[in-house]
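Undergrad:
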Amino acid sequence: MLFRRRETGSRPASAPEAGLVDRIRGGARTVIGSQTRFRGSLRGRGAVLVRGSLRGDIDLDGGLVIAAGAVIEADVAVESVRVAGRVRGSVRTRSTLRVDPTGEIEGDVATPVIDLRPGSRIHGRASIAGPAPAGRRASR
158 MLFRRRETGS
168 RPASAPEAGL
178 VDRIRGGART
188 VIGSQTRFRG
198 SLRGRGAVLV
208 RGSLRGDIDL
218 DGGLVIAAGA
228 VIEADVAVES
238 VRVAGRVRGS
248 VRTRSTLRVD
258 PTGEIEGDVA
268 TPVIDLRPGS
278 RIHGRASIAG
288 PAPAGRRASR
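Each residue of the sequence shown is one higher than the one before, counting from 158 in this note's numbering.
(1) For Ser198, which three-state DSSP category applies?
(2) Sorted by chain position, which residues of the same chain lie with C-beta nearer than 7 Å to Gly213's C-beta, five sequence neighbours on each side aside?
(3) Where Ala99 and Arg282 are concerned, what is the direct C-alpha to C-alpha distance, given to the nearest angstrom?
(4) Could you check whether Thr193 and Gly219 sit closer than 7 Å to each other, using their CB atoms as the reference points?
(5) How is the beta strand (DSSP E) around Gly220 delimited, first residue to last?
(6) Quick one: what does DSSP say Asp272 is sitting in, helix, strand or coil?
(7) Mind checking who Ser284 pairs with in its DSSP beta bridge?
(8) Within this structure, are the beta carbons of Arg225 and Arg249 separated by less than 7 Å?
(9) Just list the residues that DSSP pairs Thr253 with in beta bridges.
Here it is, written out as structure tokens:
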């Protein structure tokens, strides 16, 4: 007897995206696809996964995942960010910044917690200070 594999219809997350994608499933989730170019201000609540390119600025009350191959030219202010692609601009987080082996940031970073994986690159200044007091957003 032959059995066909059942398709779920959802695309599995790549390794660099897996951890943060799991964390953001409970909330709102926005995906900027690999063939999409976004220009302007991205503001809101919930998590965003970028596989394409974005130019402008990002201000989120939620997480941001920048997938391998994605290109961001923006000033970023978010709760947490995982970078597997490329960012040109300042990055400010209220909790964590993780840069994967394929990730690169060209600009200054400010975060309470930083996780740099072997092979990751940051070209700029880094300010790492303990977590911000509860209820206070990162300064811009």
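Don't be surprised by glycine CBs; every beta carbon is placed ideally from N, CA and C.
TA: For this structure:
(1) Taking the sequence shown and counting its residues from 1, the one referred to as residue 198 is at position 41. Three-state DSSP puts Ser198 in a strand.
(2) Looking up residue 213 in the sequence shown gives position 56. Result list for Gly213: Arg196, Gly197, Ser198, Leu199, Ala231, in chain order.
(3) With the chain covering 158 to 297 only, the question about residue 99 has no answer from this structure.
(4) Counting from 1 along the sequence shown, the entry for residue 219 is found at position 62. Counting from 1 along the sequence shown, the entry for residue 193 is found at position 36. Not a contact, by the Cβ cut-off of 7 Å.
(5) Here residue 220 is taken as the residue at index 63 of the sequence shown, counted from 1. For Gly220, the enclosing beta strand (DSSP E) starts and ends at 220-223.
(6) What you label residue 272 is simply residue 115 of the sequence shown in a count that begins at 1. If DSSP states are grouped into helix, strand and coil, Asp272 belongs with the strands.
(7) Walking along the sequence shown from the start, residue 284 turns up at place 127. For Ser284, which the question treats as bridged, DSSP gives the partners Ala267.
(8) Looking up residue 225 in the sequence shown gives position 68. Looking up residue 249 in the sequence shown gives position 92. Reading off the sequence shown, one finds Ala at residue 225, where the question assumed Arg. Cβ atoms of Ala225 and Arg249: not closer than 7 Å.
(9) Residue numbering aside, residue 253 sits at position 96 when the sequence shown is read from its first letter. Beta-bridge pairing links Thr253 to Ser237, Val270.
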